[in-house]
Amino acid sequence: EPAAHSHGVVPSTVLVDEQSRRERLWQKVQVLEHLRRLYKKYKTAYTEEYHGIGKTPIIHTPVVKPTILRPEVITPVVERPTVVRPTVIRPSVVRPTVVRPRVVNPSVVRPTILRPSVVRRPANGIPPVIAPDYDYDYSEYDYGDYPAYDYYDY
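Numbering (the working numbering), first residue to last: 1 to 154.
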């Protein structure tokens with residue numbers, strides 16, 4: 001069949017199939033065009049309605065908001081009399097001088113204390129060192145009764 005197409009000889013069955021296919025495609029194109037025109041029509045109608053284009057302008061009467069009439073409040077002016085404060089003259093107060101009796105401390109009889117006389121250091125120098133009254137034992141001491149500890153045990 002491809003050779004038949006290349007030479008211009010086309011069988012009738014191929015022509016019928018081709019023609020019906022083209023007709024179906026043409027119908028689809030017509031339907032799509034119709035849908036496109038409908039879409040544009042509704043879109044422009046919606047846009048005009050939304051934005052108010054193409055219509056005669058409606059003159060809106062201004063909306064009058066209700067005004068509330070409040071009565072004017074008059075604050076009363078109260079005349080208060082000026083208060084004259086009396087000038088109070090206070091007498092100078094003389095405080096009485098309080099005389100307190102003097103307490104005389106009774107004389108305490110102190111007994112005479114006999115203190116021993118302190119032996120003073122002689123002025124010529126340091127007194128001689130007196131030898132102790134015990135005798136020190138310089139002999140070797142036996143440490144055997146103690147356990148053997150090393151230096152590091154402490």
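Each residue gets a CB set at the ideal place from its N, CA and C atoms; glycine is no exception.
Straight-line Cα distance separating residue j from residue i
{"i": "residue 62", "j": "residue 70", "result": "24 angstroms"}
{"i": "residue 96", "j": "residue 86", "result": "29 angstroms"}
{"i": "residue 109", "j": "residue 133", "result": "46 angstroms"}
{"i": "residue 66", "j": "residue 83", "result": "50 angstroms"}
{"i": "residue 23", "j": "residue 14", "result": "14 angstroms"}
{"i": "residue 131", "j": "residue 117", "result": "25 angstroms"}
{"i": "residue 43", "j": "residue 50", "result": "10 angstroms"}
{"i": "residue 74", "j": "residue 64", "result": "29 angstroms"}
{"i": "residue 142", "j": "residue 152", "result": "22 angstroms"}
{"i": "residue 34", "j": "residue 12", "result": "33 angstroms"}
Residue span of the alpha helix (DSSP H) that contains residue i, given as start and end
{"i": "residue 20", "result": "12 to 51"}
Residue i at chain D interface by Cβ criterion, 9 angstroms
{"i": "residue 25", "result": "Among the chains in the structure shown there is no chain D, since it carries only a single protein chain."}
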